[in-house]
Amino acid sequence: MALVGIDLGTTNSLISVFTDDGPQLIKNGVGAFLTPSVVGVNDTGDIIVGDAAKYRLVTHPDKTVARFKRAMGTAKTHKVGKKDYKAEELSALVLRALKADAEAELGVPVESAIISVPAYFNDIQRKATYAAGKMAGLKVERLINEPTAAALAYGLNTKDDENTFLVIDLGGGTFDVSILEIFDGVMEVRSSAGDAFLGGEDFTTAVEDNFLEQLGKTRDKVKPKELGRLRDLANKAKLGLSEKPDITVKYLDGTKEVELTLTREKFEKLTEKLQSRMRMPLQRAISDAGLRSSDIERIILVGGATRMPVIRAMVTRLLKKFPEHSLDPDEVIALGTGVQAGLLARHEALEDIVMTDVCPFTLGTDIAREVGPNQYESGYFQPIIERNTVIPASRVVRNSTIRPGQDHVSISVYQGESPRVEDNVPLGDLKVWFPKEKDKHQDFDIRFTYDVSGVLEVLVTVISTGKTEQLILEGNPGSLSQADIAKRLKELDKLKIHPKDVAENAAIINRLKAAYENHLGDIRNAIEHNLVQFEAVLAKQNDTDIKLARESVIKFLDDLDAMDVF
Ligand code: AMP
Numbered sequence: 002m003a004l005v006g007i008d009l010g011t012t013n014s015l016i017s018v019f020t021d022d023g024p025q026l027i028k029n030g031v032g033a034f035l036t037p038s039v040v041g042v043n044d045t046g047d048i049i050v051g052d053a054a055k056y057r058l059v060t061h062p063d064k065t066v067a068r069f070k071r072a073m074g075t076a077k078t079h080k081v082g083k084k085d086y087k088a089e090e091l092s093a094l095v096l097r098a099l100k101a102d103a104e105a106e107l108g109v110p111v112e113s114a115i116i117s118v119p120a121y122f123n124d125i126q127r128k129a130t131y132a133a134g135k136m137a138g139l140k141v142e143r144l145i146n147e148p149t150a151a152a153l154a155y156g157l158n159t160k161d162d163e164n165t166f167l168v169i170d171l172g173g174g175t176f177d178v179s180i181l182e183i184f185d186g187v188m189e190v191r192s193s194a195g196d197a198f199l200g201g202e203d204f205t206t207a208v209e210d211n212f213l214e215q216l217g218k219t220r221d222k223v224k225p226k227e228l229g230r231l232r233d234l235a236n237k238a239k240l241g242l243s244e245k246p247d248i249t250v251k252y253l254d255g256t257k258e259v260e261l262t263l264t265r266e267k268f269e270k271l272t273e274k275l276q277s278r279m280r281m282p283l284q285r286a287i288s289d290a291g292l293r294s295s296d297i298e299r300i301i302l303v304g305g306a307t308r309m310p311v312i313r314a315m316v317t318r319l320l321k322k323f324p325e326h327s328l329d330p331d332e333v334i335a336l337g338t339g340v341q342a343g344l345l346a347r348h349e350a351l352e353d354i355v356m357t358d359v360c361p362f363t364l365g366t367d368i369a370r371e372v373g374p375n376q377y378e379s380g381y382f383q384p385i386i387e388r389n390t391v392i393p394a395s396r397v398v399r400n401s402t403i404r405p406g407q408d409h410v411s412i413s414v415y416q417g418e419s420p421r422v423e424d425n426v427p428l429g430d431l432k433v434w435f436p437k438e439k440d441k442h443q444d445f446d447i448r449f450t451y452d453v454s455g456v457l458e459v460l461v462t463v464i465s466t467g468k469t470e471q472l473i474l475e476g477n478p479g480s481l482s483q484a485d486i487a488k489r490l491k492e493l494d495k496l497k498i499h500p501k502d503v504a505e506n507a508a509i510i511n512r513l514k515a516a517y518e519n520h521l522g523d524i525r526n527a528i529e530h531n532l533v534q535f536e537a538v539l540a541k542q543n544d545t546d547i548k549l550a551r552e553s554v555i556k557f558l559d560d561l562d563a564m565d566v567f
């Protein structure tokens with residue numbers, strides 16, 4: 002029985018396993034590490050996956066499908082021969098092929114897997130990935146964000162360092178940026194951003210558009226088969242431009258052979274819009290992590306499309322640092338899923354690496370906002386665990402009833418980034434009853450506790466009575482038993498103490514307050530400033546930030562004490 006790591010990519014998929022020599026990729030039936038994420042039916046009506054299907058993309062476009070990962074979690078179906086398939090069903094076929102390859106290589110059944118997903122996959126897309134695993138006969142132990150996996154692959158070499166990494170992952174269909182920090186052997190994702198609809202394939206489309214222009218044709222007038230051939234040439238030209246400054250390909254237009262030429266310079270111009278779409282997530286990931294671009298110590302490139310010189314130049318220009326790519330950009334994520342598999346199996350070689358993850362989306366509730374005197378409007382989103390919070394995390398907010406004498410509230414839980422709940426994804430509801438007290442408003446705390454297994458606990462406490470109501474939302478219903486959920490929640494209990502109440506932090510606050518009493522003037526102002534800042538950090542409930550703030554305040558207080566002596 003083996004646990005494997007799988008990179009389920011838009012263009013290619015890979016499978017790996019953790020061994021005594023570290024993560025190892027497993028070859029498929031044709032002896033390659035990369036299995037094209039392509040599914041088709043052959044002439045006898047049998048399903049074919051990988052290279053066999055890829056070669057028929059051009060000759061049998063109606064019986065072959067690729068790039069379906071983009072439709073993951075949607076109702077969209079893809080026609081393959083006579084049948085329609087959803088993206089998760091097609092993904093399951095790819096997973097099944099990888100599983101069979103691994104079983105042939107390892108000689109043992111493969112029953113469970115870690116699967117990587119783009120950091121920006123929402124809950125629905127993640128559930129679809131779980132479902133794909135299940136259909137392929139795999140127990141999906143955990144989903145891992147692609148950039149996290151990549152950094153984990155690189156992190157192995159640098160576990161003794163303290164580093165701030167930026168991982169840029171431009172795959173076939175998705176773009177992800179993540180900022181990670183490694184200190185004391187702990188790897189932490191500080192932020193992630195991206196664009197789920199931007200990838201190397203868009204660069205191919207830009208070339209394809211240019212080729213159509215060179216041929217004087219419009220896309221809608223070209224037959225699917227011809228378009229398939231043209232796309233193949235566009236892709237060849239794109240790959241060629243990663244090696245040399247210009248490229249010429251030959252297209253058979255009817256009986257006439259036409260030469261299509263492209264230079265790197267022209268390619269850079271044609272893809273300007275795509276490049277500028279990459280800049281925004283890059284800047285957002287840096288600012289979400291509370292950093293400046295000069296704080297980034299290393300930039301790691303992942304995904305086949307980062308081989309394009311235009312991308313490397315753009316990144317170097319923007320961040321004023323050369324990106325590194327010592328591992329094969331197509332293999333990094335799969336190697337990282339292998340490391341994660343090793344971590345999960347508690348492999349000896351990995352004992353001193355701990356990894357934390359971030360919540361890729363904001364979790365919160367609906368709330369009514371005061372829009373005028375005694376006038377409320379419902380449907381606003383109240384974020385509780387914000388996007389990019391390090392998980393596991395527990396956050397609490399205090400709310401009050403709007404009307405005096407109100408005897409209950411209905412709380413709806415949402416995931417998303419929109420200020421209006423109607424644009425976010427509803428996850429569940431919970432009703433809370435209050436004692437009937439005329440003319441009185443009721444206060445209640447809403448606590449969200451969330452961890453990597455995708456379990457979200459919503460706990461509402463009525464302040465006047467201490468009564469609680471609990472709602473458990475599972476990211477992947479049915480994957481955990483009731484006993485597992487209870488165990489996870491118990492482990493998370495220690496997170497529920499507000500940082501302010503942790504003895505160490507409480508001691509610092511008391512020390513600051515005592516110092517305030519003992520000083521006057523500018524020093525008193527400086528102490529007050531420290532107190533306000535420290536309490537603000539505590540209110541954000543982020544362990545890493547609290548640790549850093551605590552060190553800085555202790556240094557300030559120690560300096561103050563030293564000053565008092567002389
Ligand atoms: P992935 O999903 O990481 O396998 O990404 C594959 C994408 O990278 C596809 O769009 C490929 O065309 C692209 N790609 C792979 N190698 C190169 C290369 N040498 N130059 C440009 N693009 C590449």
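Each residue of the sequence shown is one higher than the one before, counting from 2 in the working numbering. Just so you know, even glycine gets a beta-carbon here, dropped at the ideal spot from N, CA and C.
Buried versus exposed, by CB contacts within 10 Å (16 or more), residue i
i, result
"Tyr377", "exposed"
"Thr11", "buried"
"Gln534", "exposed"
"Ala335", "buried"
"Met281", "exposed"
"Pro405", "exposed"
"Thr432", "Here the sequence assigns Lys to residue 432, which means Thr is not the residue at that position. Classification for Lys432: exposed."
"Phe122", "buried"
"Lys514", "exposed"
"Arg318", "exposed"
"Glu182", "buried"
Cβ-heavy atom distance, residue i to the ligand AMP, below 7 Å
i, result
"Met309", "yes"
"Ser179", "no"
"Ala515", "no"
"Lys497", "no"
"Thr249", "no"
"Gly10", "yes"
"Leu302", "no"
"Gly1", "Coverage of the chain is limited to positions 2 through 567, which leaves residue 1 absent and any answer about it impossible."
"Ala306", "yes"
"Leu26", "no"
"Thr205", "yes"
"Pro236", "First, the amino acid is wrong: residue 236 is Asn here, not Pro. It does: the Cβ of Asn236 is within 7 Å (strictly closer) of some heavy atom of the ligand AMP."
"Glu202", "yes"
"Lys239", "yes"
"Asn389", "no"
Through-space distance from residue j to residue i, alpha-carbon basis
i, j, result
"Thr75", "Gly373", "40 Å"
"Arg308", "Val118", "21 Å"
"Phe212", "Leu231", "8 Å"
"Leu26", "Gly32", "11 Å"
"Leu263", "Val66", "28 Å"
"Thr338", "Asn531", "42 Å"
"Asn146", "Lys64", "31 Å"
"Tyr584", "Gln126", "Look at the range of the chain in this structure, 2 to 567, and you will see that residue 584 is not part of it."
"Lys270", "Ile287", "26 Å"
"Val59", "Glu227", "8 Å"
"Lys128", "Pro361", "14 Å"
"Arg347", "Asn519", "52 Å"
Residue from the options whose Cα sits closest to the Cα of residue i
i, options, result
"Ala98", "Leu153, Asp47, Gly30 and Ile116", "Gly30"
"Val259", "Thr366, Gln215 and Gln471", "Gln215"
"Val311", "Pro500, Leu171, Asn543 and Phe449", "Leu171"
"Ala342", "Lys218, Phe19 and Asp408", "Phe19"
"Glu492", "Ala527, Leu532, Tyr451 and Glu470", "Tyr451"
"Glu332", "Glu182, Ala150, Pro110 and Arg127", "Ala150"
"Arg293", "Ser192, Arg525, Lys441 and Tyr415", "Ser192"
"Gly241", "Ala516, Gly455, Leu253 and Ala306", "Ala306"
"Gly467", "Leu457, Asp444, Ile16 and Gln416", "Asp444"
"Phe557", "Gln284, Gln542, Lys541 and Ile528", "Ile528"
"Lys245", "Arg265, Lys257 and Thr390", "Arg265"
"Ser243", "Phe204, Ser277, Ala507 and Lys541", "Phe204"
"Ser327", "Arg525, Gly304 and Ile7", "Gly304"
is_contact[residue i, chain B] using C-beta, thresh 8 Å
i, result
"Gly201", "No chain B is part of this structure, which consists of one protein chain only."
Would you list, in sequence order, the uninterrupted beta strand (DSSP E) runs of no fewer than 3 residues that lie entirely inside the segment 308–378?
Listed in chain order, the complete beta strand (DSSP E) runs (minimum 3 residues) inside the segment 308–378 are 355–359 and 364–373.
Those runs of the beta strand (DSSP E) which lie wholly inside the segment 11–63 and span at least 3 residues
The qualifying runs are 13–20, 23–26, 39–42 and 48–50.
Kindly provide the ranges of any beta strand (DSSP E) runs that are 3 or more residues long and lie completely inside the segment 188–273, ordered along the chain.
Qualifying beta strand (DSSP E) stretches, in chain order: 247–254 and 257–264.
Could you name each continuous beta strand (DSSP E) segment of 3 residues or more that falls completely within the segment 115–192, going from the start of the chain to the end?
Those beta strand (DSSP E) runs which fall completely within the segment 115–192 and span 3+ residues are 140–146, 164–171 and 176–184.
Give the list of continuous alpha helix (DSSP H) stretches no shorter than 4 residues that lie fully inside the segment 503–534.
Whole alpha helix (DSSP H) segments, 4+ residues: 504–519.
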